[in-house]
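A.B. asks: All letters in the sequence shown, in the order written, are residues 1 to 386 by my numbering.
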Amino acid sequence: MAERISAQGLTKVYPGGNQALSDVSLEVEPGTFLVLLGPSGSGKTTLLRSLAGIERITSGRITIGTVTVADGRSHLPPERRDLSMVFQDYALWPHLVVRDNVAFALRRRKLSKGESRARANAMLDRVGLGKLAERYPNELSGGEQQRVALARALVAETGLILCDEPLSNLDADLRERMRVEISSLVREAAATTIYITHDQAEAFALADRVGVLQQGRLVQTGTPEEIYTQPATPFVARFTGLSGELPVHVRQAAGGGLIEVEPAGAARVRPFHARMPREPLGAGLALLMIRPTGVRLCASHTGEHHLAGTVADVAFRGRGYEHAIDIPGTGRLTGVFSDARAHRGEAVGLRLDPAGCHLFAATADPGQAPALADTGAPALGAAGTS
Ligand code: ADP
Ligand code: MG
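(1) Is glutamate 165 near ligand 2, in the sense that its beta carbon is under 7 Å from a heavy atom of that ligand?
(2) Who pairs with glutamate 27 in a beta bridge, going by DSSP?
(3) Please list, in chain order, all residues of the same chain as alanine 371 whose beta carbon is under 7 Å from its beta carbon, the five residues on each side excluded.
(4) Any contact between the segment 178-196 and the segment 214-223? By contact I mean 3 or more CB pairs, one from each, below 8 Å.
(5) Measuring alpha carbon to alpha carbon, tell me which residue in Val98, Phe235, Val102, Glu202 is nearest arginine 175.
(6) Is there at least one Cβ from chain C nearer than 8 Å to glycine 244's Cβ?
(7) Are the beta-carbon atoms of valine 86 and alanine 133 separated by less than 8 Å?
(8) In terms of residues, what are the limits of the beta strand (DSSP E) holding proline 456?
(9) For ligand 2, is there any heavy atom lying closer than 7 Å to the beta carbon of lysine 113?
(10) Would you call proline 77 buried or exposed, if buried means 16 or more other Cβ atoms sit within 10 Å of its Cβ?
(11) Could you compute how far the alpha carbon of arginine 270 sits from the alpha carbon of isoleucine 196?
(12) Where glutamine 230 and leucine 307 are concerned, what is the direct C-alpha to C-alpha distance, given to the nearest angstrom?
(13) Taking the CB atoms as reference points, tell me whether leucine 246 and isoleucine 290 lie closer together than 8 Å.
(14) Using a threshold of 8 Å, state whether the C-beta atoms of glutamate 322 and alanine 312 are closer than that.
(15) Could you tell me which residues DSSP puts in a beta bridge with methionine 1?
(16) Let me know the secondary structure DSSP gives alanine 387 once reduced to three states.
(17) So, with DSSP's three-state summary, where would you put histidine 273?
(18) Counting along the chain, where does the alpha helix (DSSP H) carrying glutamine 200 start and finish?
(19) Among all the DSSP beta bridges, which residues are the ones paired with valine 13?
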C-alpha cells in the first residue's frame, strides 16, 4: 500500500554547525515517483536519511501515512517507519548468500523460514537473479549486487521506497538498463518512491515529479516537463541542461507571452523573442538562458538567423550532429543540433526558438557568474531525452 509522505519546514544542522537542510517542505502523493535532483553537497542524502530516520532532524515535521515519525521532540527509528532503502554502495551483508540477504528484509514479518525463502526466491526471479541465489555478494558484479538490493527493498512490500543514487556506481550501459528495471519494478509494486540523483537526465527519465535542491533548499518542484520548460531560477536552468547563456538587451513585450530581446555586443544579427520572464525585469542587461531545444543551426545566407557564429566542434550522435558554436565576443553554445554536419571553422547562423529561451534578470542569481556553456550538468541534446 503506497503511503503519502510529507515534510514541513525540515531543518538539519549537523554537530559542528553545518546546516545541510533549510526549511524544506514537500508533499508526495501515494504512488508517486519523486526524484530529488541537486549537485553534490546540496543535501540530498541528508534529506533522504532524515526521511528514513537514520538522521535526526533539527526542526520541522515528517509524516508517513497518518503517523508523525519525526518532529522537534520525537523520532521514530528507521525500522518503525515501514520503508525500504536502496543505497549507492548496495549495503549487502557480505556473510549472507543472496537469498538470505533478500529474506533478511522479512525478518520482522513473523513468517516461517520456508515462507521467507519462497518469497525471496520469487523476488529474485523477478529481478532475473533466480540462478544466483546461493552466491555471496562478492561473487556478483556491481549490477547484480544492486539488483539484490532492489529485490530486498521490494520483497518487504513497504509503502515507501527510498533510493540514494542507486545507479551511480554502475557503468553507462548497465545504468540505462537498470534505470528501466527500477522504474518498472517500483511502479509495479505501487510504492511511493523518493529517489535522489545528481544526474538531470536520469531524474527526468524516471520521475513523475522532480524537486531541485540547492544548498539545502528545495528551490523548485514540478513535473519534468514543467522544470524543463519553466525553470524558476538561473540555477535550475543551468542544472537541467543549457546550450549556453547570452547577455541581452530587453526591448519590449511582444504579446503571446513573449518579449523581444537583442543580443548585446558583436553576436547581434537581429532581435528575436524569448519567453516572458516570471519576475519583471529592470532596465538594462538581462541574461538569456538557452536550452539545446531552443537553438538550431541554419545557413547564414538564408537570412533567417538571429545570431552568427563559428563552428568550434562537431560531434556525431547517431540521430544527427551536435555542434559547439563560438559566438564572437560572447562565448560558446554547445549541443546545437542539426541533421547535417557543419564543419569546424565554418561560419553559421543560429535560429532561436522562444520555447527554449528563458530570460532572467542579470542579477537574479548573484554568486553564480554566467559562465557560458558551463552548466555543471550534461546538456540535454536534441538527440537525448529532450
Ligand atoms: P548530497 O547528498 O547532496 O551530496 P549531503 O546531504 O551528503 O549532500 O551533504 C549536505 C551537506 O552536509 C554538505 O555540506 C556535507 O558536507 C554536509 N554533511 C553531510 N554529512 C555530514 C555529517 N555527518 N556531519 C557534518 N556535515 C555533514
Ligand atoms: Mg549524497
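A virtual CB, placed ideally from N, CA and C, is assigned to each residue, including glycine.
C.D. replies: Answer, in terms of the structure:
(1) Flag set: Cβ of glutamate 165 near ligand 2.
(2) Ser6
(3) Any reading at alanine 371 must be qualified, since the residue scores a pLDDT of 39, below 50, and its modelled position is unreliable; no value is offered.
(4) Because the criterion of three Cβ pairs below 8 Å is not met, the segment 178-196 and the segment 214-223 do not touch.
(5) Glu202
(6) The structure shown contains no chain C, having only a single protein chain.
(7) With a cutoff of 8 Å on beta-carbon distance, valine 86 and alanine 133 are scored as not near each other.
(8) Nothing about residue 456 can be reported from this structure: the residues present for the chain run from 1 to 386 only.
(9) no
(10) Under the 10 Å beta carbon count, proline 77 is surrounded by fewer than 16 other beta carbons and is classified as exposed.
(11) 42 Å
(12) 23 Å
(13) yes
(14) no
(15) Answer is none; methionine 1 lacks a bridge partner.
(16) Outside the displayed span of the chain (1 to 386) sits residue 387, for which this structure offers no information.
(17) In this structure, histidine 273 counts as strand in the three-state DSSP scheme.
(18) For glutamine 200, the uninterrupted alpha helix (DSSP H) run begins and ends at 200-206, by DSSP.
(19) Gln19
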